[in-house]
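Chains as they are written, first to last, in the numbering used here: chain A, 1 to 142; chain B, 1 to 142. Following: one structure in structure tokens, then a few remarks.
Protein chains: 2
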Amino acid sequence: MTVSRPPRIGRVVESALYVDDLPRARDFYVNVLGGRVLLDTPRLAALDIAGESVLLLFRRGETLAPLETAGGTVPPHGAEGVQHLAFAIAAADTAQWEEHLGRSGVAIESRVRWPRGGESLYLRDPEGHSVELITPGLWATY
Amino acid sequence: MTVSRPPRIGRVVESALYVDDLPRARDFYVNVLGGRVLLDTPRLAALDIAGESVLLLFRRGETLAPLETAGGTVPPHGAEGVQHLAFAIAAADTAQWEEHLGRSGVAIESRVRWPRGGESLYLRDPEGHSVELITPGLWATY
Chain A
1 MTVSRPPRIG RVVESALYVD DLPRARDFYV NVLGGRVLLD TPRLAALDIA GESVLLLFRR
61 GETLAPLETA GGTVPPHGAE GVQHLAFAIA AADTAQWEEH LGRSGVAIES RVRWPRGGES
121 LYLRDPEGHS VELITPGLWA TY
Chain B
1 MTVSRPPRIG RVVESALYVD DLPRARDFYV NVLGGRVLLD TPRLAALDIA GESVLLLFRR
61 GETLAPLETA GGTVPPHGAE GVQHLAFAIA AADTAQWEEH LGRSGVAIES RVRWPRGGES
121 LYLRDPEGHS VELITPGLWA TY
């Protein structure tokens with residue numbers, strides 16, 4: 001039990017996925033989902049998402065040792081398996097997203113209508129990660 | 001190569017971590033990081049982060065089968081290992097965060113000053129996931 005109140009936290013600014021084929025994953029998040037490359041190395045692609053989030057695509061196995069930089073040490077991390085991320089889309093764009101995914105050869109795995117409102121389209125990135133495109137309504141805050 | 005242009009993508013609205021001890025992880029993200037509980041089930045805790053992000057804490061193993069809901073099927077996912085997330089903090093709050101983490105018994109594993117500006121504090125959640133608190137500057141967009 002903590003007795004200290006946290007200062008104000010800000011949003012999740014970086015989310016990370018671990019991938020086997022980094023160029024393929026990067027191209028998917030750029031061409032299919034509209035991310036913009038901020039950084040592109042053999043270890044890591046960082047993509048700007050809507051100017052508000054940074055999606056980090058780490059080549060699996062490349063983050064398991066501490067990374068020494070001029071400004072300090074980046075601690076190790078690294079995961080296996082199938083992760084989940086959801087991206088916000090506008091309800092009015094749902095049909096356009098369906099068309100775009102179809103033209104891009106990306107199957108819609110499932111659709112969910114949420115009791116409180118909002119709809120989700122589920123698809124898979126080339127690594128098999130579960131990607132959700134969600135319209136406002138599910139969460140009180142979104 | 002896709003020949004279709006994506007509609008406008010929004011920010012990453014849900015990020016997911018997989019945890020062994022869900023109540024312990026939930027308490028950490030509420031008490032130490034300032035998340036707010038939106039949903040709390042044996043399978044999943046959903047936390048509002050700053051009114052802008054939803055952090056999903058999934059009990060490991062509970063998401064490996066499709067979940068049937070009245071509105072459709074939520075596809076399976078699930079990961080093992082040590083994931084990474086970064087939360088935005090204000091540069092002016094860095095000292096307060098250090099004090100708060102200390103009072104909460106959470107060690108600062110590392111600090112990094114980034115060449116383009118911004119500073120990161122790295123810590124571990126109770127599951128060992130690598131949590132970063134980052135001040136503006138590292139990314140052109142943040």
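Beta carbons are placed, not taken as given, at the ideal position from N, Cα and C, and that holds for glycine. What you are looking at is a predicted structure, and each value in this text was computed from that prediction instead of being measured.
| Item | Value |
| --- | --- |
| Contiguous alpha helix (DSSP H) assignments of at least 4 residues, all confined to the segment 10-39 of chain B | 22-27 |
| Where the alpha helix (DSSP H) containing H100 of chain B begins and where it ends | T94 to R103 |
| N- and C-terminal bounds of the beta strand (DSSP E) containing T41 of chain B | Run containing T41 of chain B: none; DSSP gives neither H nor E here. |
| Where the segment 10-29 of chain B meets chain A: residues whose CB sits under 7 Å from a CB there | G10, R11, V12, V13, E14, S15 and A16 |
| Beta-carbon proximity list for L138 of chain B, same chain, < 8 Å, skipping 5 on both sides | W114, R116, G117, G118 and S120 |
| Exposure label - A88 of chain B; buried when at least 16 CB within 10 Å | buried |
| Test item: CB-CB of S110 of chain B and G72 of chain A under 9 Å | yes |
| Touch test, the segment 83-101 of chain A against the segment 36-47 of chain A, Cβ-Cβ under 8 Å, three pairs minimum | no |
| Residues in the segment 82-113 of chain A having any Cβ partner in chain B nearer than 8 Å | V82, Q83, H84, L85, A86, F87, A88, I89, A90, D93, Q96, W97, E99, H100, R103, S104, G105, E109, S110, R111, V112 and R113 |
| Three CB pairs or more closer than 8 Å across the segment 22-38 of chain B and the segment 123-135 of chain A | no |
| Near-chain A residues of the segment 31-42 of chain B - C-beta to any C-beta below 8 Å | N31, V32, L33, G34, G35 and L38 |
| Contact between the segment 5-13 of chain B and the segment 50-58 of chain B (3+ Cβ pairs under 8 Å) | yes |
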